[in-house]
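In the numbering used here, the protein residues as written are 4 to 339.
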């Protein structure tokens with residue numbers, strides 16, 4: 004059973020909003036399948052990052068980010084979305100079950116087009132208590148809780164964890180090559196792929212790929228990266244760490260939803276944010292970082308710094324036509 008033409012067109016708009024979500028390295032590791040009363044988000048394992056994300060944690064968190072955009076966008080268009088994570092063989096899918104309802108205005112939905120990971124320094128200004136409460140509320144979910152860090156001494160300790168993670172990752176040639184494969188060194192590359200990390204989004208100059216590959220060994224080093232990331236972390240208004248009660252795909256997806264909701268709320272308040280995930284990406288550091296946070300065996304999913312800073316160029320996204328897949332006859336029959 005398929006959606007009517009009018010409903011299908013509306014659901015395509017929801018997919019377009021979903022594709023504006025955050026994803027690791029801007030890999031956009033998702034595909035979408037539109038049904039009569041649901042939109043199914045499928046993992047695209049061709050876009051997985053096996054070195055930085057060997058268990059696909061970030062991939063499934065990215066699906067959660069897309070799902071949350073869909074929830075927010077659907078509400079403003081008069082649809083109520085319920086998100087379910089379902090096992091499908093060796094993988095999982097995320098389904099948005101959609102029912103018509105009354106439209107609800109939301110500053111979070113309005114922020115979808117403006118949200119970005121702002122990879123630059125912030126100006127050190129503090130966020131008010133009322134706004135911190137809104138950010139914490141947005142970052143909370145089912146089995147996922149935020150830890151908010153704003154004290155200067157603790158921010159310096161987080162910066163040290165980030166530096167340790169950077170050092171491990173940047174000394175790994177496999178990690179560097181995977182990262183480089185997702186860097187778009189100039190506008191031509193970025194517009195051709197419509198994914199990845201466009202150099203302009205982090206304030207770096209555009210160059211031909213051949214020249215960039217020659218220069219990277221000089222700049223893509225632990226020392227060079229830490230000279231940016233350490234002051235960028237300590238000059239932030241705060242850091243937020245998302246903690247899952249259970250280390251499984253359902254909670255990874257929920258962590259992604261919580262991050263995206265937080266990021267939309269931050270954007271609505273004029274607050275920037277960016278991931279600083281090395282402490283949770285390096286497995287040998289993650290348990291130590293969890294111990295420092297005092298969360299025992301719970302998994303720290305994502306680490307995000309936030310504060311006030313300039314708007315940066317935005318990463319590009321693939322069009323809806325490139326991420327839609329047709330429902331199989333078996334699936335359509337089953338859902339009918």
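Note that beta-carbon positions come from the ideal geometry of N, C-alpha and C, so glycine has one too.
Judged by beta-carbon spacing, residue 236 lies within the 7 Å limit of residue 161, meaning their Cβ atoms are closer than that value. Between the alpha carbons of residue 267 and residue 147 lies a distance of about 17 Å. Pairing residue 244 with residue 303 gives a Cβ-Cβ distance under 7 Å.
Residue 188 carries a coil assignment under DSSP once its states are collapsed to helix, strand and coil. Note on residue 259: 16 or more other CB atoms within 10 angstroms of its CB, so buried under the neighbour-count rule. In the DSSP secondary-structure assignment, residue 83 is bridged to 102.
Taking a cut-off of 8 Å on C-beta distances, the region 190-205 touches the region 28-44, as three or more cross pairs fall below it. In this model, residue 158 and residue 272 are separated by some 22 Å (Cα to Cα). The three-state reading of DSSP puts residue 247 in strand, counting E and B together.
The three-state reading of DSSP puts residue 138 in helix, counting H, G and I together. In the three-state reduction of the DSSP assignment, residue 71 falls in the helix class. Under a 10 Å Cβ-count criterion, residue 121 is classified as buried, with 16 or more other Cβ atoms of the shown protein chains found around its own Cβ. The beta carbons of residue 125 and residue 247 sit no closer together than 7 Å. Check the Cα spacing between residue 112 and each of 297, 80, 262 and 60: the tightest is with 80. Cβ-Cβ distances below 6 Å link residue 71 to 260, 263 and 264 in the same chain, with the five nearest sequence neighbours on each side left out; the list follows chain order. In the three-state reduction of the DSSP assignment, residue 220 falls in the helix class. The three-state reading of DSSP puts residue 175 in coil, since its state is none of H, G, I, E or B. If you draw a straight line from the Cα of residue 310 to the Cα of residue 231, it is about 16 Å long.
Each of 143, 136 and 169 was checked against the Cα of residue 153, and the nearest Cα belongs to 136.
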